[in-house]
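K.L.:
Take this structure first; my questions come after.
Numbering (the numbering used here), first residue to last: 16 to 538.
Shown next as structure tokens:
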């Protein structure tokens, strides 16, 4: 059985290898019109990834100037020719794969982006050198302002603000100084406390007497002491993420149990969005749908004995359900559990002094939100309650908004903030950005306007900094999020067609608005 399975896997990889070679030939024969679909930053990334060895130092900056000057055709013509000279089989195909242009691979090159292709580029190298991949992920992981600040501190580098980091790196290359520049960039990242990005380059740093230390390069900007941060992850998984999605509820069991608990349409979208986002940061994601009171207790009893808790750096629990003003959250059997009790359920000695993050998508009352002031509780906490961060979708006494087709406001903005800033700034700062995004939202409900504001309770003793996953797990998250984005786009197009059909058939504006408002529910 095992031999048959291995043979099937090898056959699948052979088929994928042939498909990659075919795609590379198509690019070699007529790749320029296809590559013209790239924007300037994507094109620079392709140049950086595809030019092997000293070809990058010889031709990289010239090609970048072609791209800046509107001579994209000349740049891509030369790139295709130079990629053949470098001898990397499938180098352009792999470069497109790395930057995430799956649409070009599938639509123009007929190369399905599936599990077989992911496995191929994991086991076989298409030609892109590993250190270039690492450099690409460093560049992709920095905002432009951060890149400008980083380069400005490299005293012997020529720099121009507002330009892609790959372009600046290439501009400072000469034949023979590649590893020197790579080492200087690594030291700069450490000096700027970008330790997670610096770790990407660590395996490719050549130790040489000619490479100055960080203290010489940055005498005024030594790395800060890490005592104010929780320990960073040392291997996969970085953390465990438990996503509890309570979408359906049992019917009332009597006259006293008449609280309306409607089906939570759109919560599956939130679940997928959270899954993809946490995979970007190397979390192993566990799903638990519609648990009742006993099942929830049994689940966490088993989880507390899970050996993985001893090695992960963090536990995240995402709970999506209905709630009330007393901070009770409802389970599938209509029973309640308090957020405090949930924290106790999740506590284990293996998690002592490790951060535990709770993200709660639930109403905390029935009122539509008006501007209010928030106050942080001050109290003595036990071990079970310390080292915790609880982020709730809304403040106490108020509703949380969820779209049937787009998911909840809170989860959407939380995931967006994590994707953009989670690897750059501590989690508390990420939640500040989430709150700012929520404040800017305005929706319609019951003939009035509503907004939403998240709230946090923090017993963390240090800052929590998330670290991006290694390539394999990072790509898993990217695929999930890309599929979700495609699904949302299809839903949006369907709704637009229905809207136009309603107008053409003489539907009233009132009925159209009613249908739009009906898409929003309270969680």
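Just so it is clear, CB atoms sit at the ideal spot from N, CA and C, and this is done for glycine as well.
If distances are taken between C-alpha atoms only, which option among 122, 444 and 424 comes closest to residue 454?
P.N.:
424
K.L.:
Identify every run of the alpha helix (DSSP H) within the stretch 110 to 140, keeping only runs that are complete inside it and at least 4 residues long; order them along the chain.
P.N.:
117 to 122 and 130 to 138
K.L.:
With a threshold of 6 Å on Cβ separation, who are the neighbours of residue 35 within its own chain once the five nearest residues in sequence on each side are excluded?
P.N.:
Excluding residues within five positions, the ones whose Cβ falls inside 6 Å are 105 and 108.
K.L.:
Leaving out five residues on either side along the sequence, give the residues of the same chain with a beta carbon under 6 Å from the beta carbon of residue 391.
P.N.:
With a pLDDT of only 31 at residue 391, under the threshold of 50, the placement of this residue in the model should not be trusted; the figure read from the coordinates follows. Same-chain partners within the cutoff: there are none.
K.L.:
Excluding sequence positions up to five away, which residues of its chain have a Cβ less than 6 Å from the Cβ of residue 230?
P.N.:
With a pLDDT of only 37 at residue 230, under the threshold of 50, the placement of this residue in the model should not be trusted; the figure read from the coordinates follows. Closer than 6 Å at the Cβ level, and outside the excluded window around residue 230, lies no residue.
K.L.:
Taking buried to mean at least 16 other C-beta atoms within 10 Å of its own C-beta, is residue 309 buried or exposed?
P.N.:
exposed
K.L.:
List the residues that DSSP assigns as beta-bridge partners of residue 10.
P.N.:
Outside the modelled stretch of the chain, which goes from 16 to 538, sits residue 10, for which no answer is possible.
K.L.:
Which same chain residues, not among the five before or five after residue 299, have their C-beta less than 6 Å away from its C-beta?
P.N.:
Excluding sequence neighbours, residue 299 sits near 252 and 255.
K.L.:
Taking DSSP as the reference, what is the three-state secondary structure of residue 593?
P.N.:
Outside the shown range of the chain, which is 16 to 538, sits residue 593, and nothing can be said about it.
K.L.:
Could you check which residue in 215, 494 and 275 has the C-alpha nearest to that of residue 133?
P.N.:
When only C-alpha atoms are compared, the closest one is 494.
K.L.:
Need the endpoints of the alpha helix (DSSP H) that residue 404 sits in, please.
P.N.:
Residue 404 -> not in any alpha helix (DSSP H); beta strand (DSSP E) instead, spanning 403 to 407.
K.L.:
Which value, in whole angstroms, describes the spacing of the CA atoms of residue 169 and residue 260?
P.N.:
48 Å
K.L.:
Looking only at its chain, what residues have a beta carbon closer than 6 Å to the beta carbon of residue 41, apart from the 5 residues adjacent to it on each side?
P.N.:
124
K.L.:
Beta carbon of residue 111, beta carbon of residue 120: below 8 Å?
P.N.:
yes
K.L.:
Determine, using beta-carbon pairs with one atom in the stretch 53 to 72 and one in the stretch 171 to 188, whether at least three such pairs fall under 8 Å.
P.N.:
yes
K.L.:
Going by other Cβ atoms of all chains shown within 10 Å of its Cβ, with 16 needed for buried, is residue 181 buried or exposed?
P.N.:
Residue 181 counts as buried, since at least 16 other C-beta atoms from the protein chains shown sit within 10 angstroms of its C-beta.
K.L.:
On the DSSP bridge list, what partners appear for residue 472?
P.N.:
405
K.L.:
If you measure between the beta carbons of residue 128 and residue 64, is that distance less than 8 Å?
P.N.:
no
K.L.:
Let me know if residue 358 comes out buried or exposed under the rule of 16 or more other beta-carbons within 10 Å of its beta-carbon.
P.N.:
buried
K.L.:
Return the residue from the list 67, 297, 320 and 487 that minimises the CA-CA distance to residue 438.
P.N.:
297
K.L.:
Quick check: the stretch 197 to 205 against the stretch 74 to 93, are there 3 or more CB pairs under 8 Å?
P.N.:
no
K.L.:
Within the same chain, show all residues whose beta-carbon is closer than 8 Å to that of residue 190, passing over the 5 residues directly before and after it, in chain order.
P.N.:
So the list reads 69, 72 and 73, once near-sequence residues are dropped.
K.L.:
Which runs of the alpha helix (DSSP H), 4 residues or longer, sit entirely within the stretch 180 to 223?
P.N.:
You should have 180 to 186, 193 to 206 and 210 to 216.
K.L.:
Are residue 295 and residue 483 touching if we call contact CB-CB under 8 Å?
P.N.:
Yes, these two residues count as a Cβ contact at 8 Å.
K.L.:
Could you give the residue range of the beta strand (DSSP E) that holds residue 373?
P.N.:
371 to 376
K.L.:
Measure the C-alpha to C-alpha separation of residue 352 and residue 212 and round it to an integer number of angstroms.
P.N.:
40 Å
K.L.:
Spatial neighbours of residue 240 within its chain, please: CB distance less than 7 Å, with the 5 preceding and 5 following residues excluded, ordered by chain position.
P.N.:
With a pLDDT of only 39 at residue 240, under 50, the local geometry of the prediction cannot be trusted, and no value is derived from it.
K.L.:
Can you find at least 3 beta carbon pairs, one from the stretch 433 to 447 and one from the stretch 303 to 321, that sit closer than 8 Å?
P.N.:
no
K.L.:
Tell me whether residue 311 sits in a helix, a strand or coil according to DSSP, three-state version.
P.N.:
helix
K.L.:
If you count every other CB in all the chains shown that lies within 10 Å of the CB of residue 45, and 16 or more means buried, which is it?
P.N.:
exposed
K.L.:
Here's the rule I'm using: 16 or more other beta-carbon atoms within 10 Å means buried, otherwise exposed. How should residue 222 be labelled?
P.N.:
Model confidence at residue 222 stands at a pLDDT of 46, short of 50, so the residue's coordinates are unreliable and nothing is read from them.
K.L.:
With a threshold of 7 Å on Cβ separation, who are the neighbours of residue 347 within its own chain once the five nearest residues in sequence on each side are excluded?
P.N.:
Once the five neighbours on either side are set aside, the close Cβ partners of residue 347 are 261, 263, 264, 265, 305, 306 and 307.
K.L.:
With a Cβ-Cβ cutoff of 8 Å, do residue 292 and residue 422 count as a contact?
P.N.:
no
K.L.:
Please report the distance separating the alpha-carbon of residue 380 from that of residue 164.
P.N.:
Residue confidence is low: residue 380 scores 44 on pLDDT, short of 50, so the model does not pin down where it sits. No coordinate-derived value is stated.
K.L.:
When the Cα atoms are used, what is the spatial distance from residue 331 to residue 154?
P.N.:
Going by C-alpha positions, residue 331 is about 27 Å away from residue 154.
K.L.:
Are residue 328 and residue 369 closer than 8 Å when you measure CB to CB?
P.N.:
yes
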